[in-house]
Every structure is written in structure tokens, then in C-alpha cells.
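Q:
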Amino acid sequence: MVRRRKSRSQNMPSKKKSSSHAAPVPPPKFAIAIMAAGKGTRLKSKLPKVLHEVGGKPLLAHVIAAAVQIVPARDIYAIIGHEAERVRAAVKHTGVNFVVQAEQRGTGHAIMCAREALQHYDHVLVLSGDAPLISAKTIEGIRDFHIANKAAMTILSASLANPTGYGRVIRKGRTSSEVAAIVEQRSLKKGQEKIREINSGFYAFATKALFANIDDLGTDNTHGEYYLTDMAAVLKKVKQRVVVTQTNHPDEILGSNTRAEMVAIDEKMRMAKCQQLMVAGATIFYPATCVMDSDVEVGTDTVIEPFVQLLGKTRIGADCRIRSYSVINNSEVGDGVTVRPGTIMDEARVANSAVIGPYSHLRPGSEIGEGAHVGNFVETKKIKLGKGSKAGHLTYLGDADIGAGVNVGAGTITCNYDGVNKHKTTIEDGVFVGSDSTLVAPVTLGRGSYVGAGSCITEDVPADALAVGRSRQIVKEGWAKKKREKMAALKGR
Ligand code: UD1
Ligand code: CA
């Protein structure tokens, strides 16, 4: 569960006790900058890197979700650049600010571009928009270590079995938390490639020291970019304190530079999500086969069978059974609901105790009432199906308002589209629609009425009436026998 945002004052480490006559020292003011301007060349994609999804959400959305637990959205600055407008549109709803880095000349340059926005704060926490596993707790850890050490720059590091590709942290001494420099993979000197302590790409800076010295960053490196990592050496040179704190959760800092890394992060995130849902009281069989998006909620004693996908903001109630091969997106499912195999739901709502499937397709705007049944190969769109109503087989129900206790026979179709406009079908409580009926909208079937099987209904049916809309049956006695005899005679010639 996402933790509620705490107020800023609650979040600050306890400030020094001020003597009784002095005014209380206000807590230091923190901003969070999220670097998200890069293109993501290594992904070979039309989509900017930070909009690639893991756990069903853009990378950047995950980082923002962690950040808003530390400071309010108004103190968060996403630095965007490549496809800036697309990135902005995708996360605008979070309320964070945006700084545009028009040309992407490196992580150091990204922060230079944000000088105007950040310099009014005492400190800035810098996060990478492409490292979505970061937790609020870890960010808090950097902040507290930074304050406790009165540092100009604090680096979060991790010890990785395979550090290849990451910048390495060069400490002043083996046990010292002071840092001499960060060296990027491509600039490693002989022997340095063995250093397993890597730079996570998460930092805290005292803004005064940062902006007083950031112009000393150079571009003398293999990419010709301003590296934010070089701030360690720059600040060291002017005798500022640069420290490192190592995380015990190295998984959290994994960056997603390649498709393979992204898929690995996605898998980790979804497995963690399954674990979290199980801790909360749901059973998930063969979780490795299930795809659970980050924001999904599942009630207690609900059982989820293998190969189920719960996507977007889907909420499943308690005591449900979601059977295999069902894909449920942005939908709300009540308590005690059975979803039989192969069901697809998109922006649908299903009330308590309903039974859906197998192979039902609930499209957007489907509202299925309590105890109702939608069965085999039934497609619904923008409909209300009342309490206890049934549509068991091979049916299309679109743009319809269907009351309670209605029986919709197999093969029934609401003809809602005239080629230009959509029209509504109203079926009142207790109606019985015989199999294979076509209901040509707009049309109303009055309360308690009957529709004979195979009818084409083009006019309203009054309450309690019977409507039969089919041609009369003709019976020709002996016709088939005669036909057979004629055929046999032809064959014998
Ligand atoms: C960076 C660090 C590296 C560290 C690694 C951890 C630098 C120079 N290197 O490398 O030491 O081990 O992260 O994951 O910082 N970005 C911008 N503007 C730019 C360039 C990048 O906003 O001009 C953003 C990217 O969108 C990305 C983040 O900054 O979200 C990091 O950039 P990226 O190119 O992924 O850096 P790494 O090579 O991973
Ligand atoms: Ca990266």
C-alpha cells in the first residue's frame, strides 16, 4: 500500500534544541529534482525512456510516487527534455513542476538547467527518472544521512556483484564515508573496474555549495557531457564535504537503460506486488504466471488462479475467485464474484456475487448488477444489467438499460448502431427475451413482457405483453419424402 504523505514538518529530522530565548530554527527546506530528460538511446525506441512502463506504469510515475511521500508535489521538479510535452502530459496529474532541459548535455547539465527553480531551497534530493524501484524509505535515508553529516553532497551507493556499466565510488579511505570521486565506467583506470561499490544516481546536495561550484563541471569525457557525478571531485577540490551512504537494498537502485533491464525490473516489481497482495490476504497460485500492476487492490480470501492479469487501477473485492486467463483492466469487482476462465474486462463494474464468464467480454461502461450472470461468449458495452439478471450465452448487449430479474436468451443482439448513431435499448424488470432475438434500438421492452424466440423487435413492447416478430412457420406434409424419392430416381438412371 502507498503510504499516506506525511506533512513536511513530521518528516524532517529533529532539529537542534533551541535555547528558550532564541527563535526556533526552521527545518531545512528540501526540494526533489528528478532527472528525466534523457532519450534512452539504448532502448532504440520512439518512446522517451521515462515513459516506458514497468509494473503497468511509466518509470517516471514510480519515481514521482516515491518522491511525493517525502515532500509535497509543489517541491518536486521533473527535469524533462526529450519529447518533453509527451512526458509532461503523462505525469501532469501528479501536480509536480517541470523544468525543461532543451538540449540533453548530461546529468550535470540537467541540474544546471534547474538552478533557477532549486536555488531557493536549502537542499535538493536528486533522483533518476529511470530507477523506478526506489522507495520513500531509502530517499529518507539519504536525506537524514546528508543532514546528520552536514555534507555538501551525499551519494547513495550500493555494492553490486556485477557493477559493470555503473559509475564507481572512490572513497577517501576504505572505511571512510568521505568520497574522493565518482568514476564513470568508460573512464575507469586499470584496477578500478574491480570496485563493486557503485553510484546509484541518487544524491542529496546543499544547494548553496552545489550552485556555487556547478559551473566548474567540464565536458572532458568520452561523451563530451556535463556529468553530475563529477560534482564529487569538484566539491572535494574546494574542501566541501562529500559523503557516501550505502543502501542495504541494492535492488532499489537498479536503473533501466536497456529493454532487458526493464523487463527484469518489471518482473521484480510484479513479484513484489504478488507478495504484498498475499500478505494482505489474497491467494495467488503460480504468481510468476500472473501480471499484477502496481496500483491493483485485491480483497481478503480472494483466490487468483494462474495466468491472470490484473491491470491499471483494478480493484477486486473479498471472497472472489478469478479463474485462469482472465485479463481485467481498470475495473471494479465486488465481493464474492466468480470470474470464470478467459474473461476480459475493461473499465467495467461488477457488483457482489455476480458470475462472469467463461469467455465474457465486458467493455467500457458495463455495469453488472448483484448476483447477475454474464456467460459464455457474451459481449457487453455501456450497459446496466440489473440484479439477478442473466445473459448466459452468445449475446451482444450494447447501450442498454436492463432491469432486474431479466432473462436474455442465447444469441440475443441489441442492434444499437444504424451506421451513423448509437441508440438505446431499455429492458424493464422481469422481461424474458427468447433466444436468437434481435432488438432494433431505440426500443423498450415493458416490465414483465415476453419476446418469442427468433424475433426481430422493431417496436416497443407493452408491459406484460408477448411480442413475436418472426414469419409464420409453413409445414408441407410429405415434402421431404417426395424429395428423397426424386433424388434416388435421378441417381439410378
Ligand atoms: C548515471 C550515472 C552513473 C550511475 C548511474 C546509476 C552520470 C554521468 N552517471 O549513469 O554514475 O552509476 O546513473 O543508474 O550521471 N538525464 C537527463 N538529462 C541528460 C542526461 C540524462 O535528464 O542530459 C536523465 C536521464 O533521463 C536518466 C538520468 O538522467 O533518467 C540518468 O541518466 P543516464 O543516461 O541513464 O545515466 P547512466 O548512464 O545510467
Ligand atoms: Ca540510467
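If you count the sequence shown from 1, you need to add 1 to reach my numbering.
Every residue, glycine too, gets a C-beta built ideally from N, C-alpha and C.
1) As a quick check of your reading: which residues have a C-beta less than 5 Å from at least one non-hydrogen atom of ligand 2, in chain order?
2) Given that a residue counts as buried once 16 or more other Cβ atoms are within 10 Å of its Cβ, and exposed if not, what is K16?
3) What does DSSP give as the partner residues of D76 in its beta bridges?
4) What three-state label does DSSP hand E198 in the structure shown?
5) Tell me the rounded alpha-carbon separation between A401 and T427.
6) Indicate the three-state DSSP secondary structure (helix, strand or coil) for S15 in the structure shown.
7) With three or more beta-carbon pairs closer than 8 Å as the criterion, would you say the segment 161-176 touches the segment 114-125?
8) Taking 7 Å as the cut-off, does the CB of G39 come closer than this to any heavy atom belonging to ligand 1?
9) For the alpha helix (DSSP H) containing H110, name the first residue and the last one.
10) Could you pull the DSSP bridge partners for P59 from this structure?
11) Could you tell me whether any non-hydrogen atom of ligand 1 is closer than 7 Å to the CB of G82?
12) Assuming G1 contacts N330 (C-beta within less than 8 Å), just tell me the rounded distance between them.
13) Would A454 count as contacting chain B if we go by Cβ distances under 8 Å?
14) Output needed for E84: all residues of its chain with C-beta closer than 6 Å, excluding positions within five of it in sequence on either side, in chain order.
15) Assuming P251 and A153 are in contact, meaning their beta carbons sit under 8 Å apart, how far apart are those beta carbons, in whole angstroms?
16) Quick one: which unbroken alpha helix (DSSP H) runs of 4-plus residues sit fully inside the segment 119-190? Chain order, please.
17) Less than 7 Å between the CB of S46 and some heavy atom of ligand 1, yes or no?
18) What are the start and end residues of the alpha helix (DSSP H) that includes F212?
19) Say yes only if the C-beta of A111 is nearer than 7 Å to one or more non-hydrogen atoms of ligand 1, and no if none qualify.
20) Have a look at N258, Y418, E478 and flag the residue whose alpha-carbon is nearest the alpha-carbon of K45.
21) Whose CA, out of T301, T315, N377, lies closest to the CA of S295?
22) With a threshold of 7 Å, establish whether the CB of Y167 neighbours any heavy atom of ligand 1.
23) Compute the Euclidean distance between the alpha carbons of K492 and A454, then round it to the nearest angstrom.
24) Measuring straight from C-alpha to C-alpha, what distance separates A464 and Y418?
25) Under 6 Å Cβ to Cβ from E368, same chain only, skipping five residues before and after it: list those, please.
26) Could you tell me the boundaries of the alpha helix (DSSP H) in which K423 lies?
27) Using the three-state DSSP reduction, which class does G493 fall into: helix, strand or coil?
28) Shorter than 7 Å, the distance from the beta carbon of N98 to the closest heavy atom of ligand 1, or not?
29) Would you identify the three-state DSSP class for H250, choosing helix, strand or coil?
30) Does the beta carbon of E253 fall short of 7 Å from some heavy atom of ligand 1?
31) Kindly identify the DSSP beta-bridge partner or partners of D347.
32) Could you tell me the alpha carbon to alpha carbon distance between A132 and T396, rounded to whole angstroms?
33) Note down, in chain order, each residue of its chain lying with its Cβ closer than 6 Å to the Cβ of W32, except the 5 sequence neighbours on either side.
34) Would you kindly check if the distance between the Cβ of V235 and the Cβ of D217 is under 8 Å?
35) Return the Cβ separation of S361 and A373 in integer angstroms, given the expectation that the two are a contact with Cβ distance under 8 Å.
36) My parser needs the beta strand (DSSP E) runs of 3 or more residues fully inside the segment 227-283; what are they?
A: Judging by the given coordinates:
1) For ligand 2, residues qualifying as neighbours are D131, G256, N258, where qualification means a beta carbon closer than 5 Å to at least one of its heavy atoms (chain order).
2) Summary for K16: the model assigns pLDDT 45, below 50, so the residue's position carries little reliability; its value from the coordinates is reported in the next sentence. K16 should be labelled exposed.
3) The partner list for D76 (beta bridge, DSSP) is empty, contrary to what the question assumes.
4) Per DSSP, reduced to three states, the secondary structure at E198 is strand.
5) Per the coordinates, the alpha-carbon of A401 lies some 6 Å from the alpha-carbon of T427.
6) Low per-residue confidence applies at S15: pLDDT is 48, beneath 50, and the placement is therefore not dependable enough to give any value.
7) Contact fails between the segment 161-176 and the segment 114-125, because fewer than three Cβ pairs, one in each stretch, are under 8 Å apart.
8) The closest heavy atom of ligand 1 lies less than 7 Å from the beta carbon of G39.
9) For H110, the uninterrupted alpha helix (DSSP H) run begins and ends at 108-114, by DSSP.
10) E54, per the DSSP bridge assignment.
11) The answer is yes for G82.
12) Since the first residue shown for the chain is 2 and the last is 494, residue 1 is missing from the structure and cannot be characterised.
13) Structure shown: chain B not included; a single protein chain is present.
14) Counting only Cβ-Cβ distances below 6 Å, and skipping sequence neighbours, we find P49.
15) P251 to A153, Cβ: 25 Å. No contact.
16) Along the length of the segment 119-190, whole alpha helix (DSSP H) runs at least 4 residues long occupy 137-149, reported in chain order.
17) No - ligand 1 has no heavy atom lying nearer than 7 Å to the Cβ of S46.
18) Here the alpha helix (DSSP H) through F212 covers 208-214.
19) Yes; taking the cut-off as 7 Å, the Cβ of A111 has a heavy atom of ligand 1 nearer than that.
20) When each option's Cα is compared against that of K45, the closest is N258.
21) For the residues T301, T315, N377, the minimum Cα distance to S295 belongs to T315.
22) Because some heavy atom of ligand 1 lies under 7 Å away, the Cβ of Y167 counts as near it: yes.
23) Roughly 39 Å separates the two Cα atoms.
24) Each residue's alpha carbon lies about 25 Å from the other.
25) Sequence-distant Cβ neighbours of E368 in its own chain, meaning closer than 6 Å and more than five residues away, are R350, K385.
26) Membership of K423 in any alpha helix (DSSP H) is not indicated, and neither H nor E is assigned to it by DSSP.
27) Reduced to three states, the DSSP call for G493 is helix.
28) Because no heavy atom of ligand 1 lies under 7 Å away, the Cβ of N98 does not count as near it: no.
29) Looking at H250 - three-state DSSP - the assignment turns out to be coil, as it is neither helix nor strand.
30) E253: no, Cβ never under 7 Å from ligand 1.
31) In the DSSP assignment, D347 forms a beta bridge with N330.
32) Rounded to whole angstroms, A132 and T396 show a C-alpha spacing of 46 Å.
33) Note on identity: in this sequence residue 32 is Ala, with Trp being the wrong assignment. Taken in chain order, the residues that qualify are D76, L119, Y122, V125.
34) It is a contact, given that the beta carbons lie within the stated cut-off.
35) That belief does not hold up - the Cβ atoms of S361 and A373 are roughly 11 Å apart, past 8 Å.
36) If we require 3 residues or more, the beta strand (DSSP E) runs fully inside the segment 227-283 come out as 243-247.
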